[in-house]
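Position in the sequence shown (first residue = 1) + 7 = our numbering.
C-beta: ideal position from N, C-alpha, C; glycine also.
Working notes, structure below.
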Amino acid sequence: MNVIRTASATALIVALLGSAAATVAWRGAATEPGTGELRLAEPGTLLVVDAKGTRVHQKTREGEELGTGPDCRRAAVAAGTLVCLRGLPGPFSSEVRVYRSAKTTPEVTLPVWGNPSRARVSPSGHLVAWTVFRSGDSYVQSGQFSTTAGIYDLRSGAHYGSLEDFTVVVDGARTELDDRNFWGVTFAADDRTFYATMSADGTTRLMRGDLSTRELTALRTNVECPSLSPDETRIAYKKRVGADWHLHVLDLRTGADTPLAAPAGIDDQAAWLDDATVAYGKADKGRTFVYTVPADGSGEPAELVEGSSPSVTTSRR
Numbered sequence: 008m009n010v011i012r013t014a015s016a017t018a019l020i021v022a023l024l025g026s027a028a029a030t031v032a033w034r035g036a037a038t039e040p041g042t043g044e045l046r047l048a049e050p051g052t053l054l055v056v057d058a059k060g061t062r063v064h065q066k067t068r069e070g071e072e073l074g075t076g077p078d079c080r081r082a083a084v085a086a087g088t089l090v091c092l093r094g095l096p097g098p099f100s101s102e103v104r105v106y107r108s109a110k111t112t113p114e115v116t117l118p119v120w121g122n123p124s125r126a127r128v129s130p131s132g133h134l135v136a137w138t139v140f141r142s143g144d145s146y147v148q149s150g151q152f153s154t155t156a157g158i159y160d161l162r163s164g165a166h167y168g169s170l171e172d173f174t175v176v177v178d179g180a181r182t183e184l185d186d187r188n189f190w191g192v193t194f195a196a197d198d199r200t201f202y203a204t205m206s207a208d209g210t211t212r213l214m215r216g217d218l219s220t221r222e223l224t225a226l227r228t229n230v231e232c233p234s235l236s237p238d239e240t241r242i243a244y245k246k247r248v249g250a251d252w253h254l255h256v257l258d259l260r261t262g263a264d265t266p267l268a269a270p271a272g273i274d275d276q277a278a279w280l281d282d283a284t285v286a287y288g289k290a291d292k293g294r295t296f297v298y299t300v301p302a303d304g305s306g307e308p309a310e311l312v313e314g315s316s317p318s319v320t321t322s323r324r
């Protein structure tokens, strides 16, 4: 682990945490017919980032446009909380913005160093997470890229820094693995447990994290970009098979692993529309669409809406 890099990044975030947040002008019905402010607490609707990777849109599952929101490269929503990961001018710079309800001014703004990659909100809406790629990153081979993942608690203002600062347990023993990288956080409903991917020594592992102990425990190898099901019994994830990634679902109770009927080569952190359906983004002929596929391995992909970074709005718990 690069301690200097981690410490520097964490210090920068903490130092700039109190910086003033700029107001974002969300497009409304007066400027774009048929759209309005985002209704973040309306359960069952979709939030996606447009095909250009620039702005959030709220849509019905039938594709009807309900509203447009702030500029985001990656976004996620739950329980009335929207996390927006956006790029900034300059090399490898990003910003995390957190919005509540329909407010157009971010409640929290966090500067981060890297290019936007992943974003998530806990089911309660209290925790947000992000992943950024660092300079020189590449997904070509494990260990040849650098990522930083962080978590922030909106209730207490606690910033957990980089997951590189957490204690790592592999095969029952605490260990210091060189050049470890983390990405793709997904939360359980208890606001304590989360899952993420760790890459170290040429191996990717599914890690279960505990915010109260700041500890990460390895569960399984060859699991990337996990996404916990609403009933918290399964994880949808990317599995490398040869040169490509394939979407799979892992049963956390039995260890059963099910390949999904999605095409190879999907580079996305999947999202669960419900306990039976997984959604993902994929580029096709110069356009990006959100597709759905059954979580039990049956059926075939179905085109849902145009866009990427799918997320489903949920009611407050």
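The DSSP-derived three-state label of residue 218 is coil. A direct Cα-to-Cα measurement between residue 228 and residue 68 gives close to 34 Å. Rounded to the nearest whole angstrom, the CA to CA distance from residue 104 to residue 91 is 5 Å. Setting aside the 5 residues that flank it on each side, residue 159 is surrounded in the same chain by 135 and 166, each with a C-beta closer than 6 Å to its C-beta; the list follows chain order.
In the three-state reduction of the DSSP assignment, residue 172 falls in the helix class. DSSP places residue 210 in the strand class (E or B) of the three-state scheme.
Comparing alpha-carbon positions, the option among 292, 287 and 293 lying closest to residue 311 turns out to be 287. Under the three-pair Cβ rule at 8 Å, the region 177 to 186 does not count as touching the region 118 to 132.
Our two residues, residue 321 and residue 139, have alpha carbons roughly 25 Å apart in a direct line.
In terms of Cβ geometry, residue 89 and residue 317 do not form a close pair [threshold 8 Å]. Rounded to the nearest whole angstrom, the C-alpha separation of residue 202 and residue 223 is 9 Å.
Distance from the CA of residue 188 to the CA of residue 212, rounded to the nearest whole angstrom, comes to 10 Å.
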